[in-house]
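The structure under discussion appears below in the form of structure tokens.
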Amino acid sequence: MGKNPPSPPSEIETAHGGHKGRPSPPYDVETAHGGRMGRPSPPHDVETAHGGRKSRSSPPYDVETAHGGRHGQPSPSSDMETRRGHRKSRSETPQPTPRFSPPLPKPWFPWLVPLIFVVNVALFWYSMYYNDCPAKIDKDRKCLLPEYLGRFSFQPFKENPLLGPSTSTLQNLGALQKELVVEDNEGWRLITCMFLHAGVIHLVANMFSLLSIGIRLEQEFGFIRIGLLYTLSGFAGSLISMLHLEASAKPTISVGASGALFGLLGAMLSELLTNWTIYENKCAALITLLVISALNLSLGFLPRVDNSAHVGGFSSGFLLGFVLLMRPQYGYVNRKHIPPGYDVKRKSKFTFYQYLLFAMSLIILIVG
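Start counting the sequence shown at -19; every next residue gets the next number (the numbering used here).
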């Protein structure tokens, strides 16, 4: 037999010794395992030796795989699959502890402080009507502005520089006088003197303080606590004032709501201290309140001003503030505001120093 003619250049021997055949076109090639492939992928998308698909051929900075082989450009860590089929999971961030806060308290409707304002103004108007300066004054003396005010004209400036009624009028209407309280047992004057004023200047100054301080306190704490605070502070101021009034041939009287108003001012100071944790600008508020208190107390050294009532009202209001104006500390949440299913650690309603100040102030007030 003759030798077979050599294969044409287009016929090649297969890798496993099979029949030499003409290679398929580039788009129809047998795989090494006998399967048929379609059009070969471009250089960046070829089949792996294990039948999987490799990613785009890696650039010169190819990295080693976890099993020591060479791999293409690694996919992002969040999407990389290991050769065993496991996916790397991101670390789970712990859930923060839920925070609950109680709803903001609704402000009280202030009606007691405006009512006190109306009562003070009405009683001053009645005191001027009762005084009737033109009908009761001597001919040698002259009332102030009788042609304009008539019956409501003021006493002569030398008798009452505050533009108001006479001393006898205030005494008849319930002014505080030591002899009448001690000897005649007229203790009701300790309360009635709080609603009488010596003149227009006295009335305007006190009512301005009442509205600016009292309305805010009543909105926050309600009419019951502010009513008790106002009455008890005024009573304490009247009591201290009576102890310092001197008996003389000319009766010395004391009138005005200054004791009660200084009680509200002292309560504001104690309220700031006992509720310290809920205030943001603590030092600024404390310094401002101390300056206002010092300025108001310094007015007590003016002539015809009873500073003992101011000191008594301020000190009693300061102690009463620790008792009546306590508020829960910052961060306290009532259990009814926590949804069911949550077990969170709650703060106590009041701090230790709040209880301590409450007890000390209550003892001092009872003993005093």
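Even for Gly, the Cβ is constructed at its ideal location relative to N, Cα and C.
Span of the alpha helix (DSSP H), counted from its first residue to its last, around H177 | Where H177 is concerned, there is no enclosing alpha helix (DSSP H), given that its DSSP letter is neither H nor E.
Kindly provide the ranges of any alpha helix (DSSP H) runs that are 4 or more residues long and lie completely inside the stretch 142 to 199, ordered along the chain.
-> 147 to 153, 158 to 162, 169 to 172 and 180 to 189
7 Å CB neighbourhood of G202 in its chain, flanking five on each side removed = Close CB contacts of G202 within its chain, under the 7 Å cut and outside five residues either way in sequence, are with W88 (chain order).
Classification of P145 by the beta-carbon crowding that lies within 10 angstroms, buried from 16 upward = In this structure P145 is buried. Its beta-carbon is surrounded by 16 or more other beta-carbon atoms within 10 angstroms.
Could you tell me which of I344, E127 and Q135 sits nearest to V180, measuring between CA atoms?
-> Q135
8 Å Cβ cutoff met for L349 and R205 | Given that the chain is displayed from residue -19 to residue 348, the structure contains no residue 349 and the question cannot be resolved.
Beta carbon proximity, L304 to chain D, threshold 8 Å = No chain D is part of this structure, which consists of one protein chain only.
Using a threshold of 8 Å, state whether the C-beta atoms of L170 and L219 are closer than that.
-> yes
Taking F97 as the reference, which of T149, S189 and Q334 has the closest Cα?
-> S189
With 16 other Cβ atoms within 10 Å as the buried cut-off, status of R16 | Reliability fails at R16, whose pLDDT of 48 lies under 50, so the model's placement of it is uncertain and no value is given.
Inter-residue Cα distance where the pair is P355 and V162 = Outside the modelled stretch of the chain, which goes from -19 to 348, sits residue 355, for which no answer is possible.
Three-way DSSP call (helix, strand, coil) for K34 in this model = Residue placement at K34 is flagged as unreliable, the pLDDT there being 47, under the threshold of 50; the coordinate-derived value follows with that caveat. Reduced to three states, the DSSP call for K34 is coil.
For K329, collect the residues of the same chain with a Cβ closer than 8 Å to its Cβ; drop the 5 residues on either side in sequence, then sort them by chain order.
-> P308, Q309 and Y312
Under a three-way DSSP split, which group does S234 fall into?
-> In the displayed model, S234 falls within a strand according to three-state DSSP.
Tell me, to the nearest whole angstrom, how far the beta carbon of G293 is from that of L209; I am working on the premise that it is less than 8 Å.
-> Their Cβ separation, rounded to whole angstroms, is 10 Å, which puts G293 and L209 out of contact at 8 Å.
CB-CB under 7 Å to L269, same chain, minus the five flanking residues each way: which ones, in chain order?
-> M248, L249 and L252
Alpha carbon to alpha carbon, how far is K86 from K316? Give it in angstroms, no decimals.
-> Rounded to whole angstroms, the gap between the alpha carbons of K316 and K86 is 17 Å.
Please determine if the stretch 148 to 157 and the stretch 119 to 127 are in contact, where contact requires at least 3 C-beta pairs separated by less than 8 Å.
-> As far as the Cβ criterion goes, the stretch 148 to 157 does not touch the stretch 119 to 127, which means the pair count is below three.
Nearest-angstrom Cα distance between D286 and N165?
-> 22 Å
Which same chain residues, not among the five before or five after P126, have their C-beta less than 6 Å away from its C-beta?
-> P114 and S133
So, helix, strand or coil for F332, using DSSP?
-> helix
Which of the three DSSP states, helix, strand or coil, is assigned to F134?
-> strand
In the structure shown, what three-state DSSP assignment does L124 receive?
-> L124 falls in the strand class under three-state DSSP.
Anticipated Cβ contact below 8 Å, L153 with S221, distance rounded | Not a contact, Cβ separation roughly 17 Å.
Would you kindly check if the distance between the Cβ of G243 and the Cβ of S288 is under 8 Å?
-> Not a contact, by the Cβ cut-off of 8 Å.
Where does P114 sit, in a helix, a strand or coil, going by DSSP?
-> helix
Verify whether the separation of the beta carbon atoms of A237 and N100 is less than 8 Å.
-> yes
Using the beta-carbon count (16 or more within 10 Å), is M187 buried or exposed?
-> buried
Just to confirm, are G301 and G246 a CB contact at a threshold of 8 Å?
-> yes
Pull up the CB-CB distance for F104 and L124, whole angstroms please, since I reckon it's below 8 Å.
-> Their Cβ separation, rounded to whole angstroms, is 16 Å, which puts F104 and L124 out of contact at 8 Å.
Cβ neighbour criterion (16 or more within 10 Å) applied to H332 | A small correction: the amino acid at residue 332 is Phe; His does not occupy that position in the sequence shown. Its Cβ having fewer than 16 others within 10 Å, F332 is exposed.
CB of P94 to nearest heavy atom of the ligand ZN: below 7 Å?
-> The ligand ZN is not part of the structure shown, which contains no ligands of any sort.
Assigned secondary structure, V313 (DSSP; H/G/I helix, E/B strand, else coil) = coil
Between which two residues does the alpha helix (DSSP H) containing F302 stretch?
-> That run of the alpha helix (DSSP H) goes N287 to L304.
With 16 as the cutoff for other CB atoms within 10 Å, does I267 come out buried or exposed?
-> Exposed.
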